[in-house]
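Everything below concerns the one structure shown next.
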Amino acid sequence: MASSTCIEDPIVILDVGGQIFRSKLRTLTSTSDSYFERALKGDWIESRSLKEDPNFSLFVDRDPQCFPFILSYLRSGKLYFTEEVSSIQLCQLADEARFYMLDGLNDLVNEELERRELKLKQERAREEADQATDPTEVVNTWTAGFCTTIRRPLS
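Residues in the sequence shown are numbered consecutively from 1, following the numbering used here.
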């Protein structure tokens, strides 16, 4: 009975850019028309001998740094990350989402990029407004190789 379960939802060993990941076939094929759904369904499965080896391996020539986000999205349908993930890394993740044909993930990444851009614009607008109402000027003085910044009233 255990081998039947294994055959129904085998583990796929993924070599993504030289880094090994493992996931259930059901997880990888959970999104219709995705890279994995197309690559791992139908003829691909039928051409493998499940009785000999219920585990499959697949090489994907992509950068492995974004793949944990891809796998997490396939498992949960959500995007989890911290503010330490840079906008550049998010752009790379958007590229990977397009490669893997994960439109939902691509949309989530783009929403986050837009949120960050809006936040940055708001911060810049506040700074400009503060500078416009601030009746002081910034003066930098250098003494013995050290810079001192002071604000002094406008003359």
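Backbone N, C-alpha and C fix where the C-beta goes; we use that ideal spot for every residue, glycine too.
So what does C147 bridge to, in DSSP terms? W142
What do you get for Y156, buried or exposed, if any count of 16 or more other CB atoms within 10 angstroms of its CB means buried? Since the displayed the chain opens at 1 and closes at 155, residue 156 lies outside it and no answer follows.
Would you say S23 and V12 are within 7 Å of each other, going by their C-beta atoms? yes
Could you tell me the distance, in whole angstroms, from the CA atom of V16 to the CA atom of T148? 51 Å
On the criterion of 16 or more Cβ atoms from any shown chain inside 10 Å, does N140 qualify as buried, or is it exposed? exposed
With DSSP as the reference, identify every bridge partner of Q19, one or two as the case may be. V16
For E128 and N106, the rounded distance between their alpha carbons: 33 Å
Identify which residue in L25, F59 and R26 has its Cα closest to the Cα of G18. F59
Compute the Euclidean distance between the alpha carbons of Y80 and K41, then round it to the nearest angstrom. 27 Å
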